[in-house]
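*Asks:* Quick one: this structure, given as structure tokens, is what I'll be asking you about.
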Amino acid sequence: MTQPLILIIEDEASLRRFLVPTLVNSDYQVLTAATGTDGLAMARDHSPDLILLDLGLPDLEGGRVLQTLRQWSHKPIIIISARTQEADKVQALDAGADDYLTKPFGAEELLARIRVALRHATRTMNDSPVLQCGALKLDLERREVSLDGAPVRLTPLEYRLLEALAQRAGKVATHAQLLNEVWGPVGAGQTHYLRIYMGTLRRKLEPDATRPRYLLTEPSIGYRLNLD
Amino acid sequence: MALGCEARTLRLVHTGFRMAREQGRPWVAVHVEVLDWETAEEADQARVWLKEALDLGAETAWVQAATVSEGLVAEGARRHVAQVVMGRSRPRGPWARLEHARALETIRRGLGARIVTLPMEHAPAAAKPVQTPLDFLGLVLVMATILTMCSIFASALFEAIGFPGLPPVYALGIGFIAHRWGRAFSVPSAVAAVVVFDLLFVPGHWPSRPEDWSNGFYLSAALVLVQMVVLLVDRLHQETRSLHRREAETILLMLVGRALGRCATAREVASVLAERLQGLFRAQAWLLVPGEGDAWRPFPESLEPPPCPRPSEFLPHFSNPSTRADPFEPLFLDGCSFVALAGQGGAEGLLQFRLEGGGPLPQESWGLFQSLAVQGALALERVRWLEQAEQARLDTETERMRNTLLGAVSHDLRTPLAAIQGAATSLLLPEPLPEATRLDLLAMIRDESERLARLLGDLLELTRLQSGSIRIHKEWQLLDEVVGAAVQRLEHRRGPLPIRMDLPESLPLVPLDGGLMEQVLINLLGNALRHAPDSPVDLRAWEEPSGVQIEIADRGPGIPAEFRARVFDKFFRMPRNLKDGGVGLGLAIASTIVKIHGGAIWVEEREGGGARFRLTLPLDGVPPAELETESAALTMGTRP
Numbered sequence: 071m072t073q074p075l076i077l078i079i080e081d082e083a084s085l086r087r088f089l090v091p092t093l094v095n096s097d098y099q100v101l102t103a104a105t106g107t108d109g110l111a112m113a114r115d116h117s118p119d120l121i122l123l124d125l126g127l128p129d130l131e132g133g134r135v136l137q138t139l140r141q142w143s144h145k146p147i148i149i150i151s152a153r154t155q156e157a158d159k160v161q162a163l164d165a166g167a168d169d170y171l172t173k174p175f176g177a178e179e180l181l182a183r184i185r186v187a188l189r190h191a192t193r194t195m196n197d198s199p200v201l202q203c204g205a206l207k208l209d210l211e212r213r214e215v216s217l218d219g220a221p222v223r224l225t226p227l228e229y230r231l232l233e234a235l236a237q238r239a240g241k242v243a244t245h246a247q248l249l250n251e252v253w254g255p256v257g258a259g260q261t262h263y264l265r266i267y268m269g270t271l272r273r274k275l276e277p278d279a280t281r282p283r284y285l286l287t288e289p290s291i292g293y294r295l296n297l298d
Numbered sequence: 000m001a002l003g004c005e006a007r008t009l010r011l012v013h014t015g016f017r018m019a020r021e022q023g024r025p026w027v028a029v030h031v032e033v034l035d036w037e038t039a040e041e042a043d044q045a046r047v048w049l050k051e052a053l054d055l056g057a058e059t060a061w062v063q064a065a066t067v068s069e070g071l072v073a074e075g076a077r078r079h080v081a082q083v084v085m086g087r088s089r090p091r092g093p094w095a096r097l098e099h100a101r102a103l104e105t106i107r108r109g110l111g112a113r114i115v116t117l118p119m120e121h122a123p124a125a126a127k128p129v130q131t132p133l134d135f136l137g138l139v140l141v142m143a144t145i146l147t148m149c150s151i152f153a154s155a156l157f158e159a160i161g162f163p164g165l166p167p168v169y170a171l172g173i174g175f176i177a178h179r180w181g182r183a184f185s186v187p188s189a190v191a192a193v194v195v196f197d198l199l200f201v202p203g204h205w206p207s208r209p210e211d212w213s214n215g216f217y218l219s220a221a222l223v224l225v226q227m228v229v230l231l232v233d234r235l236h237q238e239t240r241s242l243h244r245r246e247a248e249t250i251l252l253m254l255v256g257r258a259l260g261r262c263a264t265a266r267e268v269a270s271v272l273a274e275r276l277q278g279l280f281r282a283q284a285w286l287l288v289p290g291e292g293d294a295w296r297p298f299p300e301s302l303e304p305p306p307c308p309r310p311s312e313f314l315p316h317f318s319n320p321s322t323r324a325d326p327f328e329p330l331f332l333d334g335c336s337f338v339a340l341a342g343q344g345g346a347e348g349l350l351q352f353r354l355e356g357g358g359p360l361p362q363e364s365w366g367l368f369q370s371l372a373v374q375g376a377l378a379l380e381r382v383r384w385l386e387q388a389e390q391a392r393l394d395t396e397t398e399r400m401r402n403t404l405l406g407a408v409s410h411d412l413r414t415p416l417a418a419i420q421g422a423a424t425s426l427l428l429p430e431p432l433p434e435a436t437r438l439d440l441l442a443m444i445r446d447e448s449e450r451l452a453r454l455l456g457d458l459l460e461l462t463r464l465q466s467g468s469i470r471i472h473k474e475w476q477l478l479d480e481v482v483g484a485a486v487q488r489l490e491h492r493r494g495p496l497p498i499r500m501d502l503p504e505s506l507p508l509v510p511l512d513g514g515l516m517e518q519v520l521i522n523l524l525g526n527a528l529r530h531a532p533d534s535p536v537d538l539r540a541w542e543e544p545s546g547v548q549i550e551i552a553d554r555g556p557g558i559p560a561e562f563r564a565r566v567f568d569k570f571f572r573m574p575r576n577l578k579d580g581g582v583g584l585g586l587a588i589a590s591t592i593v594k595i596h597g598g599a600i601w602v603e604e605r606e607g608g609g610a611r612f613r614l615t616l617p618l619d620g621v622p623p624a625e626l627e628t629e630s631a632a633l634t635m636g637t638r639p
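Protein chains in written order, with our numbering: chain X, 71 to 298; chain R, 0 to 639.
Pasting the structure below:
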């Protein structure tokens, strides 16, 4: 198997200095770009398997870069943002970014996110309908959910919510994305629907609903189905 | 408590207030508007007294009724009053006295309540602005009746006493007329009396004998005397009237002064002035304060004032009062009167003012108007000083905060930086270090940089929160989720933690900003775990009428009573924790966040030892609408 190619679009030299050796050391091929314009050109020329995109670029807004990329590429994009860019982050995720990392972050976290994103990209190709994690088993084809082999009864809305999360397993799903997929246009802005159904889902699936193991909260952003 | 409309009523109001306070009872001030009897001025005055009673904690009522007693009985019965306090004007004449007693009896019977009447020196009848006016025919009739009565009485006396007894009889009649209907009318009456007297009592209808002349002269002198007495009485009445007016004005100024004294903003000053002027002169009033760009900033803002020249052109007109003949005279322009609110530092603003008819202010009101303007100016000046003092206090506070911040930051940022720099330079030395030392130094670099990141994050967060730039984004959320997210983040950092949670399923949705509230919980739980590392931390939540209560309790050393209020201050650290690596921002952040949620946070001692942090979050606003039912949602989007 060839080494996946990762494009880093990041203007800060010190961060690139940390990212490049870390990724190379983990058997990835790495390309770097310091500006949005360069990044877009390199993405077009080299079609990387994954893109790490900083939201605070000097020439173009990260959001613009993302939109342009998404016009022709479906490869995973992970956003890197500072803590003050919460709103931009949600916007980028809604616009099609796959995941995010908030500065400062550690190497472990970075590598884990990259693994999930790449795995997800290949899995959609394999199209395996069964997800398994610990005691939780989710069969998307037969629409069955079980815990430790015992079937769990979910209401149709609960199931659809779980399904929407499972389609992004391991990645973050924003409130807006989930609301739109489960409730359609009437759900827009009604985050409390989501919260209540996540509550009941957790009570049915989690051993301890206040310490979720599968259905993780990404505060102010959305949820993530954790299958590690 | 029944209110009239005279100036003395204020005393009645104050007595009512005192009695209610002594007896520890609620009190009601009632004004009975006797239909078709009260003038507009009286009604305005009564409103002033009711407002005063309201300020003193009374409930107020405005009742319309045919008589005062009826109105009082109706209102009293509705409110189940135990006691009625009335001011008693000295009844004039036996008939009025009878009427008064009858009214009291009606009230006593109607309410079964005790009645207290306060003797009040009554402003005499002169307080009424005009005597009942009569048209010409009426006057002639009155004159004829009185002169006829005088003549009948005089003829009876004539038999008994003779001529000298007659002039006083007519003099009495004319005196009555003058007193009752005014001097202007008494002069023709006097002339008529002389004519009638001559016709009736002087033989040959016209004085021919000297003694007849002297009788006629005698009568005329008596009538002139009567006129003079009436003149004096009249003047006395006028004096009393102006005395009463001045008393009313003094009381009014006192009330305005007191109301202005309570104002804390220019807007409040303006509303007090506008309200009083409306009541007093039936006029619309605005307070004009120079605003930005040479334009007026009018108060109240709700109603646009009529246009007037810009401050730079207009204000100089007021700085030199000598250009006007009377320093009290307001400037009159386009249907509005203007007067300067001049304080120590020059004109604070203008009082603009439009009478109902659009004419200038009557001259007798200039003085009162100016007094109000002076009071307004003083109040505005005071408000401005208050604002400046508050600003100065804020500046000092900011300065102090900046110094503390610099001190704390320079120490707390340098420590981890020094460690990182030291470790990194050691690792770069040409002599290779033992593997264990190398790893240890690397771990230290990681830990210290995390500490730096946390500290910087906290500082930014607090600055953002306190600068007011943060926009709180409340959503109705399940507490489970917020608590879960907080615990998740803590455990992600440190591995499984001994946190015991008790969150009943029955907890309602709470309106909160998830990200911020998670920060609060992380800070509180983090503190508890740090100070009580060997025992579990308990987190409980329950609902109370005041809102949702959250409690985080540990078994650590607890917080001594003297520090319990101060632990929420910025950079406050308890003496024993000075070296534990904290900066004293966690609780300050938590408390700020809880406060912008409209909640409260405090710390108590836990029974059996330890600290117990409590916070309450209000359930403000309308909870989200019912969820769509499953079936309704299903028809919309289920797969076939």
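Built from N, CA and C at the ideal position, the CB exists for glycine as well.
On a predicted model such as this, the values are computed, not experimentally measured, just so you know.
Using three-state DSSP, classify D706/R as helix, strand or coil.
*Replies:* Because chain R here runs from 0 to 639, residue 706/R falls outside it and cannot be looked at.
*Asks:* Is Q476/R close to chain X? Criterion is C-beta to C-beta, closer than 7 angstroms.
*Replies:* Numbered from 1 along the second sequence, position 477 holds the residue referred to as residue 476/R. Yes - at least one Cβ of chain X is within 7 angstroms of the one on Q476/R.
*Asks:* Does the beta carbon of T172/X come closer than 7 angstroms to any beta carbon on chain R?
*Replies:* Sequence index remark: in the first sequence, residue 172/X carries index 102 (1-based). By this cut-off, T172/X is not an interface position.
*Asks:* Which whole-angstrom value is the C-beta distance of G555/R and A527/R, which I expect to be below 8 angstroms?
*Replies:* For the purposes of this step, residue 555/R is identified with residue 556 of the second sequence, where counting begins at 1. For the purposes of this step, residue 527/R is identified with residue 528 of the second sequence, where counting begins at 1. Going by Cβ atoms, the distance from G555/R to A527/R rounds to 7 angstroms, so yes, they are a contact pair.
*Asks:* With H, G and I counted as helix, E and B as strand and the rest as coil, what does DSSP make of P123/R?
*Replies:* Against the second sequence, residue 123/R aligns to sequence position 124. Here the model assigns P123/R a pLDDT of 39, short of 50, so the residue's position is not dependable and the matter cannot be decided.
*Asks:* Rounded to a whole number of angstroms, what is the C-alpha to C-alpha distance between E267/R and Q161/X?
*Replies:* Here residue 267/R is taken as the residue at index 268 of the second sequence, counted from 1. Here residue 161/X is taken as the residue at index 91 of the first sequence, counted from 1. Whole-angstrom Cα-Cα distance: 45 angstroms.
*Asks:* Is there a C-beta anywhere in chain X that falls below 7 angstroms from the one on V482/R?
*Replies:* Your numbering for residue 482/R matches position 483 in the second sequence. Yes, V482/R lies at the interface with chain X (some Cβ there is under 7 angstroms from its Cβ).
*Asks:* List, in order along the chain, the chain R residues whose C-beta lies closer than 7 angstroms to that of R265/X?
*Replies:* As a working mapping, residue 265/X is identified with position 195 in the first sequence. In chain order: Q476, L477 and E480.
*Asks:* F352/R and S364/R: beta carbons closer than 7 angstroms?
*Replies:* On the second sequence, residue 352/R is found 353 positions in, with the first residue counted as 1. On the second sequence, residue 364/R is found 365 positions in, with the first residue counted as 1. The answer is no: Cβ separation not under 7 angstroms.
*Asks:* With 7 angstroms set as the bound, which would you pick, yes or no: does the beta-carbon of V486/R sit closer than that to a beta-carbon of chain C?
*Replies:* Among the protein chains of the structure shown, namely X and R, there is no chain C.
*Asks:* Report the residues of the region 502–518 of chain R with a CB closer than 7 angstroms to any CB of chain X, ordered along the chain.
*Replies:* The residues in question are L502, L508, G513, G514 and E517.
*Asks:* I291/X and T244/X: beta carbons closer than 7 angstroms?
*Replies:* The sequence position of residue 291/X within the first sequence is 221, counting from 1. The sequence position of residue 244/X within the first sequence is 174, counting from 1. Closer than 7 angstroms, so yes.
*Asks:* Please check if any C-beta of chain R sits within less than 7 angstroms of the C-beta of A258/X.
*Replies:* As a first step, residue 258/X must be located in the first sequence, where it is residue number 188. No, its Cβ sits nowhere closer than 7 angstroms to a Cβ of chain R.
*Asks:* Closer than 9 angstroms, Cβ to any Cβ of chain X: which residues of the region 418–444 of chain R, in chain order?
*Replies:* So the list is empty, because no residue satisfies the distance condition.
*Asks:* Please compile the residues from chain R whose C-beta is within a distance smaller than 7 angstroms of the C-beta of T261/X.
*Replies:* Taking the first residue of the first sequence as 1, we reach residue 261/X at position 191. Those are E474, listed as they occur along chain R.
*Asks:* So, for L138/R: in the same chain, excluding its five sequence neighbours on each side, which residues have a beta-carbon less than 8 angstroms away from its beta-carbon?
*Replies:* As a position in the second sequence, residue 138/R is number 139, starting the count at 1. Correct list, in chain order: W180 and F184.
*Asks:* P574/R to E447/R, Cα distance in whole Å?
*Replies:* In the second sequence, the residue the question calls residue 574/R occupies position 575. In the second sequence, the residue the question calls residue 447/R occupies position 448. Roughly 23 angstroms separates the two Cα atoms.
*Asks:* For V252/X, does the count of other Cβ atoms within 10 angstroms reach 16, so buried, or fall short, so exposed?
*Replies:* Counting from one through the first sequence, the residue named residue 252/X turns up at place 182. V252/X is buried by the Cβ-count criterion.
*Asks:* Which residues mark the beginning and the end of the alpha helix (DSSP H) in which H491/R is found?
*Replies:* Mapped onto the second sequence, residue 491/R falls at position 492. L478 to R493 is the span of the alpha helix (DSSP H), which, as asked, contains H491/R.
*Asks:* Would you please verify whether the beta carbon of T14/R is less than 7 angstroms from any beta carbon of chain X?
*Replies:* Position 15 of the second sequence, counting from 1, holds the residue named residue 14/R. T14/R does not count as touching chain X.
*Asks:* Name the chain R residues that come within less than 7 angstroms of T244/X, Cβ to Cβ?
*Replies:* By one-based count along the first sequence, residue 244/X stands at place 174. The contacting residues do not exist; T244/X stays about 13 angstroms from chain R at best.
*Asks:* Using a Cβ-Cβ cut-off of 7 angstroms, state whether G269/X counts as contacting chain R.
*Replies:* Residue numbering aside, residue 269/X sits at position 199 when the first sequence is read from its first letter. Chain R, which has a Cβ nearer than 7 angstroms to the Cβ of G269/X, makes this yes.
*Asks:* Of all the options L127/X, A205/X and L224/X, which has the alpha carbon lying nearest to the alpha carbon of R213/X?
*Replies:* Position 143 of the first sequence, counted from the first residue, corresponds to residue 213/X. Nearest option by C-alpha distance: L224/X.
*Asks:* Would the region 249–259 of chain R and the region 367–378 of chain R be scored as touching if the rule is three or more Cβ pairs under 8 angstroms?
*Replies:* Segments in contact, yes.
*Asks:* What does I291/X pair with, by DSSP beta-bridge criteria?
*Replies:* The residue given as residue 291/X occupies position 221 in the first sequence. Partner(s): none; I291/X has no beta bridge.
*Asks:* Is DSSP giving L103/R helix, strand or coil here?
*Replies:* Your numbering for residue 103/R matches position 104 in the second sequence. Helix.
*Asks:* Kindly identify the DSSP beta-bridge partner or partners of K207/X.
*Replies:* As a first step, residue 207/X is located in the first sequence; it is residue number 137 there, counting from the start. For K207/X, which the question treats as bridged, DSSP gives the partners Q202/X and S216/X.
*Asks:* Name the residue from V33/R, V232/R, A76/R and T14/R whose alpha carbon lies nearest to the alpha carbon of T116/R.
*Replies:* Here the question's residue 116/R lines up with position 117 in the second sequence. Among V33/R, V232/R, A76/R and T14/R, the Cα nearest to that of T116/R is on T14/R.
*Asks:* If you reduce the DSSP assignment to three classes, tell me which class V255/R lands in.
*Replies:* Looking up residue 255/R in the second sequence gives position 256. Here V255/R sits in helix by DSSP.
*Asks:* Give the straight-line distance between the Cα atoms of G358/R and G334/R, rounded to the nearest whole angstrom.
*Replies:* Reading the second sequence from its first residue, position 359 is the one you call residue 358/R. Reading the second sequence from its first residue, position 335 is the one you call residue 334/R. Going by the C-alpha atoms only, they are around 6 angstroms apart.
*Asks:* Which partner residues does Y170/X have in the DSSP bridge list?
*Replies:* Residue 170/X sits at position 100 when you count from the first residue of the first sequence. Beta-bridge pairing links Y170/X to I149/X.
*Asks:* Quick one: complete beta strand (DSSP E) runs, 3+ long, within the region 526–581 of chain R?
*Replies:* The qualifying runs are 536–543 and 546–552.
*Asks:* Does any CB atom of chain X fall closer than 7 angstroms to the CB of A527/R?
*Replies:* Against the second sequence, residue 527/R aligns to sequence position 528. No, A527/R does not count as interfacial toward chain X.
*Asks:* Starting from the beta carbon of T92/X, find every residue of chain R whose beta carbon is closer than 9 angstroms, and list them in chain order.
*Replies:* Here residue 92/X refers to the residue found at position 22 when the first sequence is read from its first residue. The contacting residues do not exist; T92/X stays about 14 angstroms from chain R at best.
*Asks:* Shortest alpha-carbon distance to D278/X belongs to which of P503/R, S534/R, L156/R and V602/R?
*Replies:* Within the first sequence, residue 278/X is the residue found at index 208, counting from 1. The option with the nearest alpha carbon to D278/X is P503/R.
*Asks:* Pick from L210/X, Y263/X, T102/X and L286/X: whose alpha carbon is nearest that of I79/X?
*Replies:* As a working mapping, residue 79/X is identified with position 9 in the first sequence. I79/X has its Cα closest to that of T102/X, out of L210/X, Y263/X, T102/X and L286/X.
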